[in-house]
Structure formats: C-alpha cells, structure tokens
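Protein chains in written order, with this note's numbering: chain Z, 1 to 163; chain R, 1001 to 1616. Every residue, glycine too, gets a C-beta built ideally from N, C-alpha and C.
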Amino acid sequence: MTPNMTNEEKYALLEDFINQQENKSTSLIAILHYAQELFDYLPNDVQTFVAQKIGIPTARVYGVVSFYSFFTTKPRGKYKINICLGTACFVKGSDKIYNEFKKQLSVEDGEVTQDGLFSIHPVRCIGACGLAPVVMINEDVHGMLNAKEVAPIIKSYRDKEGM
Amino acid sequence: MKIRSFDDLKQYKKSLYGNKKTAKYTVLVGMATCGVASGANTTMTAFEETVNELGLKNVTLKRTGCIGYCFLEPIAEVIDEQGNSTIYTKVDKAKVAEIVSSHLQNGKPLTEGVIKPDMQRINLAEVKPIQKRQLRVALRNCGVIDPESLDDYIKYDGYMALAKCLFELTPNGVIEIIKRSGLRGRGGGGFSTGLKWSFVAKENAPVKNIICNADEGDPGAFMDRSILEGDPNSILEAMAIAGYATGAAHGYIYIRAEYPMAVKRLKIAIAQATEMGLLGDNIMGTDFSFDIQIKLGAGAFVCGEETALIHSIEGKRGEPKMKPPYPAKRGLWGEPTCVNNVETYANICPIIIKGDQWFNSMGTTKSPGTKVFALAGKINNVGLVEVPMGITLREMIYDVGGGIVDGKAFKAIQTGGPSGGVIPYTMLDTPIEYDSLVAMGSMMGSGGMIVMDEDDCMVNIAKFYLEFSVEESCGRCTPCRIGNKRLFEILEKITNGNGTMDDIRKLKELGRVIKDTALCGLGQTSPNPVLSTLHFFEDEYIAHVVDRTCPAKTCSSLIRYFIMPDKCIGCTLCARVCPVSCIDGERKALHSIRQHECIKCGACMDACKSNAIVKR
Ligand SMILES: Cc1cc2nc3c(=O)[nH]c(=O)nc-3n(C[C@H](O)[C@H](O)[C@H](O)COP(=O)(O)O)c2cc1C
Ligand code: FES
C-alpha cells in the first residue's frame, strides 16, 4: 500500500502503468495487480477507471475481479492476517488458530477491526506447509503456531503501532 | 560480457573457478520461504556480523535454496576445503556464535543439532552409482547454489545443456532424447513430455509458445516453489530447450501471486541470463531467439488446468474449455503451445547432459526417474524429499519421513490433493508410481502427501476437500457447480450426526455422475476424496450415520467432553478457560460440564494439567 499518496497521484500512476502496456486488454490481470498494490483494494471507481482507460466494458473488469480470490473489492486492515486453511495446515489444527484470531479481534472473514489495523483472510496454502499451521501477516510468515501464541502476535503488531 | 559460442561458455565457466581462491570454509544459509519464515535473515546477518567483527578471511558466506528439512529451519551448512559438510539445524544467533568459534575458528565441528541426511545429489558432469535413499535430480541445485547468481549456476554446469542442444543436436534429436528417457509430466497427469513436445513441433505455425505452469494450486505441495526459489535458472534453461525443440520463440511462466520470493528470483534470473546472451535474441551467437515473461496468477485453483491457465494469461477469467483441441494444437492466442510443469522442466537439463538411458535406469519401467514429494501432516520429517519412483509408501513414511508424530497409529495418506484419494494402512507396500496410484483410486497429482493418524476423521477430510472444490469450481458446468455442492451438503449432514444410510448411497451415485459428466479435470476428479474414503473407510461413514459416533473423535456434533471423577483435582483451570462458562465446580472439588451448553471447543481439555478431561 502507498499511504502517503493522494488519490489523484495514485490514479496518475495507474494511468501511466496502463499506457505502458503494449496490449492493454490482455494485461488486465497485471493492471489489476498494480491497482490493488496502489489502492489496497479495488473499489468500483477504480474498476471503472481501468475499464475506461483500457477501453473495455466495466463488466469485463468486474468479471475478472470477482473470479480471482486475490482481488478484493472491500477495504482491508493495515495488517492483513492471511490464515492458511490448506490441507497441511488443516490437519495440524489451523481451524483453532483461525477461531482464536476471530475471537481475539472480534471480526469475521474480510472485516476490518475498528482501529483499522487488522483484517482476517482465510487462504489456501502459501507454500510454507513444512511450518504448518502457518499465518502470514502482510509479508511476515509465522509458522508452527498454536492458539496460545495468537494474542502475543497481535500484541506485537499493536505495540509496533504504539497502540 | 555476452556469451557468443559454446567455447565462450566453457571459457567463462573456467574463469569462474580460476580467479578466486576458494575459502577454507563455505557457509550456506538456506533462504527459501520456509527458512526466512523461521528466521534465516537473522541467521545470515549474525554470520555476516560475527565474521566481519572477527575479521575472518577464510570464510565465504552464501545464500542458497532449501535443502528440504523445513521443520529444522533455519539451516546452515558448513563445507570445508576437502568438501566435508556439516549441516546445522535451528541455527539462531547463539548457535551462530558457537559455530563460528568452534568450527570456523578452531576447526572443531559441533556435534549437537546436526543432521546427516540420507541424500545424494546428481552431478551433471559425472556419473556416480546411487547409494542413498534420497536422490536429488530435480532438486540438484537447491541448497547448493546461490539462486540470485547466474555465475554460480554456470559453475554447476548451467546452460551446458542448452549449448549442447544448440550446437550438437537437431530439434528433432532433442525430442527423441526426451521421448526415449520416458519422462512423464510432473504436474499431475503424467503425460509423456517427449510426445507432447513432438505434437507442438509438428504444428506448422509462424508463432508457437512455451508455458511453464507454476500455479501449484494443490494445498500441501510446495516443490515448485522450492525449485523456483532455489534454482530459477534451471527452469529458464529447460524452457529455452523446449523452445528450440518445438520451434517456439516465446516463453511464459505462469506463477501464483502467493509466491513473491520465487517471482523476485525469477525476475533476477531472467535479467541476468538475458544480459549474458543466454536468453533473448540470438542465444549464444546462434540464430535461435527465445524470451521469457512472467505472468502472475491471482488465486484461482482452476487456473492450474492448462486451458484455464491460458485464458488467464490472455487476461480473461480463468475458465477451462473443452479439449480437444489441445493446447499443443490451439493454445495461447490460438497458437500451438506447450504447457509443462516446473518439476518436469527441472528434469530436462540432466536428461540432455547425462542421456536418456541414465534417466530411465532410475525409477520403474513405466515411471522412470525420480519424483519430489512434499511430506506434510502428522509425520516427523516434514519437508521435501526426492526419491526414485517405485519406492513403497512404507519406506516413504517410516524411513524417509521418520514415522508418525508422537508415535501414534498411521491411518492413511492423502495424495493428489483435492483430485486424489486416500491410501490406507493395508496398501503401505504398494510402490509409488503414476499407474499404481490411479489403480488405488488416487493419483500422483503434484506430489503432495498428507499423512494422517488415528485422530483424523476420514469423513471430515472428505468434507474438507469438497469444501475446497466447491469454492474453487469456476461454475462453468453444472455437474461441478451444483453436484459438488450437494456432495458437500451430504457430508456436512453426516458429520453433524444427521446422516442416513441412504446418504451414503447418494454420495457414491452422485460422485460417479460428476466424474463422468464434468467439463474439466477439476470436476472430473473432485469426487475422488469422497469415493476413495468411502472405498477404504466405509465403516467410518457407517459409524457416523448408524452409531452416531465419530471414531476419530473429531466431529464435534458427535462427541462429548467428560470430566473423570478419579482424576479431577479441582484446580478450576477448566472452568476459567471455558469460553461459554459451562463448567461448574468449587476449588478442590469435582468439576462437571453442563452438556447442553457445551460448544465442544476443547479448550478445557487442552488446559487440564491432570488429563482428567476425555472425549467420547
Ligand atoms: C484442476 C486442475 C488443476 C491443475 N493444477 C496444476 C498445477 O497447479 N500445476 C501443474 O503443473 N499442473 C496442474 N494441472 C495439470 C495441467 O493441466 C497440465 O496438465 C500440466 O501443467 C502439464 O504439465 P506436465 O505435462 O509437465 O505435467 C492441473 C489440472 C487440473 C485439472
Ligand atoms: S497448507 Fe498451509 S502453507 Fe501449505
């Protein structure tokens, strides 16, 4: 995410990126990846903007956005807690970790905590199965977790924010 | 500099050995995703700082890929001048200090926390008899070379296979070697790679494409990530070989967005190889040109299926289409396209250099070579192993995998992910190869193996996979979109304790219908977890619907928690942790659970120090 930028600056960057693409329509997924990096999620306005700049119907953009689970149309927390519910993690009890996070933060899937810091997203395998159960918070991977470690982990991020 | 001929490459390789005196000790720190997640960055920094502080001149530090022992990360290997290796596990800051002072300064390797894997790596330049149980062909360079250094790859005979193809073999000659080697696709289906290449080569078209499928959607499998993070150049080289053999000039790597480190290393590798003239226009001075682009996936399992993957690269929804026509005839942008898996490519260079006979001397007649497996679940040695095909499941679990965690009873192993099935105890002596797994109602898949013990409920596992298939179904065809949903609902009913014998019959019937009628490989295989658990563990299903019990004590609707009067010491711990406050009891007196309020979360059982709480 790029918090220090105004929306105009973000749209300008996005437009530059779109103009760099040789074939705009086939680069749609790459463009959406970039847009999500800038805006952190893909609200309707951004989707319409992308559609207009590429010159395709917004419905096609929405069709792609809704197909791929990596793209999200809802805002997310500053820290995105991706909880792996893949097979290796599942048999090692990832559902307990998942419930503990929901309990500690009092949010459901995809919701953001009141302070805007955290949101919870169940994911399927991040490829660190050897460390199951695994949780990835933004870029940090936390492995071999048990439910007792959940509260201290949350606290460590709150501390970082001075909250 | 640019490489302009075979001699250039040989000269350059020689120069890499020539100009630097090898240090007395080389320290390799495993820095793939697993290592970094366990703190390998701290380990590396600690080594750098200590070595600098002490001014040690005889030590080279090197970042490398994964050696496969994920549960012991961070791992550091120290190699001395004679080539003796010591592999240290769980290397934290304190351990670094010990290793430096004892091993690097005083020549005394530590003996604690060291492993000696039963593993052998192939060397491209020489042939050695197989002596060890684990044999690394696809993973030969992972954990040895620095994945961000092209020079290091060239030192280990990198780009020699491509040079051999360009200067000594015809495209057809390359295809013949791959055909004769018997290499079968490692992405799941097991189709002959040589044959696929020959189909693409036969097509008369101005533009053809090579795709590397790095979508790795099967949860529990991570060999492709490991190869891309540990040895990215080997994939680029093999893709260029495929391009030369089939007459294609463009390559695409379709990789999951969940693998940022692999993406980064691939980008570095592509830039370095292009700079040296090993990719791009007129490779090594010949008239063969080949470029490679990276295309990011966006989190859809079905995009691992080749026609869906092609749609996704084209910027569309990743929906599969009917085959034929196969991609070899009409693929990306409607042009002939060769799609292979990462691990398939990782086998190409060794085959070109060491020959087809060498390759098919390993493994079994129908499935030659080795296969990488990701062992996960209730097994002691969680991680990646590469073994010759034909090894039995028993050897895999008890010798290579070190047995079941906490000495519990082995129940079943799941192979093939959401498309595969379970293999029970009774089949432990079956050799692992493509066809034997299919005969057992499972499949090789990408090589993920989830080991399950007595605590895992087979109905619940089937439900888990069905939930996956329901979520990942693209919705294009009715059997998959609606049929899987119905299967899932029936399984949910059974695990909730409301199932009937008729439900079991329906599961079988509906499962077969979906298999026969679904459009793509996802739907055609999604009932497998249900059908195979039903085949081997029907008694467990019957226990759920007739006796209303869950033999593995997993399904919460069918179990109850009790406090044993003779063991409870009245410490009140359970009452305090219970989230719904349904445990009564005074200090030092017997506690009891109000059953109708209990949500069966198991918190009390985890908390009890006197093992007084049981599940029934
Ligand atoms: C639902 C589904 C998912 C698949 N996922 C993958 C995958 O993640 N990686 C892969 O290499 N092949 C996957 N495949 C197989 C590909 O369609 C294709 O057969 C393979 O990439 C061919 O390469 P190979 O011949 O080298 O195995 C999948 C197939 C299906 C039906
Ligand atoms: S299953 Fe959780 S990281 Fe792979």
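| Item | Value |
| --- | --- |
| Bridge partners - His1596(R), DSSP secondary structure assignment | Paired residue(s): none; His1596(R) is not in a bridge. |
| Alpha-carbon spacing of Leu1534(R) relative to Ala1552(R), whole angstroms | 15 Å |
| Inter-stretch contact (C-beta, 8 Å, three-pair minimum) for the segment 125-134 of chain Z and the segment 84-92 of chain Z | yes |
| CA nearest to the CA of Gly1107(R), picked from Glu1073(R), Ile1145(R) and Asn1058(R) | Asn1058(R) |
| CB contact below 8 Å: Met1452(R) versus chain Z | yes |
| For Ser1181(R), the three-state DSSP class (helix, strand or coil) | helix |
| Contact test: Thr87(Z) Cβ vs ligand 2 heavy atom, cutoff 7 Å | yes |
| Whether Gly1304(R) touches Gly1217(R) by CB criterion (8 Å) | yes |
| Cβ neighbour criterion (16 or more within 10 Å) applied to Gln1011(R) | exposed |
| Cβ-based burial, Gln52(Z) [other Cβ within 10 Å; buried from 16] | exposed |
| Runs of beta strand (DSSP E) lying entirely within the segment 1097-1179 of chain R, each at least 3 residues, in chain order | 1119-1121 and 1134-1136 |
| C-beta contact flag for Val1438(R) and Lys1378(R) at 8 Å | no |
| Candidates Cys1477(R), Gly1158(R) and Ala1412(R), of which the one nearest Asp1453(R) by Cα | Ala1412(R) |
| Pro1670(R) to Ser1367(R) span [Cα, whole Å] | In the structure displayed, chain R extends from 1001 to 1616; residue 1670(R) sits before or after that span and is not available. |
| Check: Gly1220(R) C-beta below 7 Å from any heavy atom of ligand 2 | yes |
| Cα-Cα separation, Tyr1425(R) to Met1389(R) | 20 Å |
| Contact with chain Z by Thr1045(R), beta-carbon distance below 8 Å | no |
| Cys1474(R) CB to nearest heavy atom of ligand 1 below 7 Å | no |
| Spatial neighbours of Lys102(Z) in its chain, beta-carbon cut-off 7 Å, leaving aside the 5 residues before and after | Glu108 and Ile120 |
| Thr73(Z) at chain R interface by Cβ criterion, 8 Å | no |
| Own chain partners of Ala1249(R) with C-beta closer than 6 Å, once the 5 adjacent residues on each side are dropped | Ser1289 and Phe1290 |
| Within-8 Å CB hit, Thr1033(R) to chain Z | yes |
| Check: Asn1340(R) C-beta below 7 Å from any heavy atom of ligand 1 | yes |
| Contact list for Ala51(Z) against chain R, beta-carbon separation under 8 Å | Chain R residues near Ala51(Z): none, gap ~13 Å exceeds 8 Å. |
| Lys1196(R) CB to nearest heavy atom of ligand 1 below 7 Å | yes |
| From His1591(R), Ser1557(R) and Cys1571(R), residue whose alpha carbon lies closest to that of Ile1563(R) | His1591(R) |
| C-beta neighbour in chain Z for Arg1317(R), strict 8 Å | yes |
| Cut-off 7 Å between Cβ atoms - residues of its own chain near Ala56(Z), not counting five sequence neighbours on either side | For clarity, residue 56(Z) is Ile in the given sequence; the question names Ala instead. If we look at Ile56(Z) and ignore the five residues flanking it on each side, its Cβ neighbours are Ser25. |
| Residue closest to Asn146(Z), alpha-carbon to alpha-carbon, out of Ala1607(R), Leu1573(R), Glu1319(R) and Leu1135(R) | Ala1607(R) |
| CB contact below 8 Å: Glu1314(R) versus chain Z | yes |
| Contacts that Tyr1254(R) makes with chain Z (C-beta to C-beta distance below 9 Å) | Ordered by position in chain Z, no residue passes the 9 Å Cβ test against Tyr1254(R), which lies about 10 Å from the chain. |
| Contact under 8 Å by Cβ, Gly1188(R) with Ala1257(R) | no |
| Chain R contacts from the segment 21-47 of chain Z (Cβ-Cβ distance under 8 Å) | Ser25, Thr26, Ser27, Leu28, Ile29, Ala30, Leu32 and His33 |
| is_contact[Asp1456(R), chain Z] using C-beta, thresh 8 Å | yes |
| The segment 1086-1105 of chain R contacting the segment 1172-1182 of chain R, beta-carbon criterion three pairs below 8 Å | no |
| Span separating the alpha-carbon of Pro1479(R) from that of Ile1490(R) | 15 Å |
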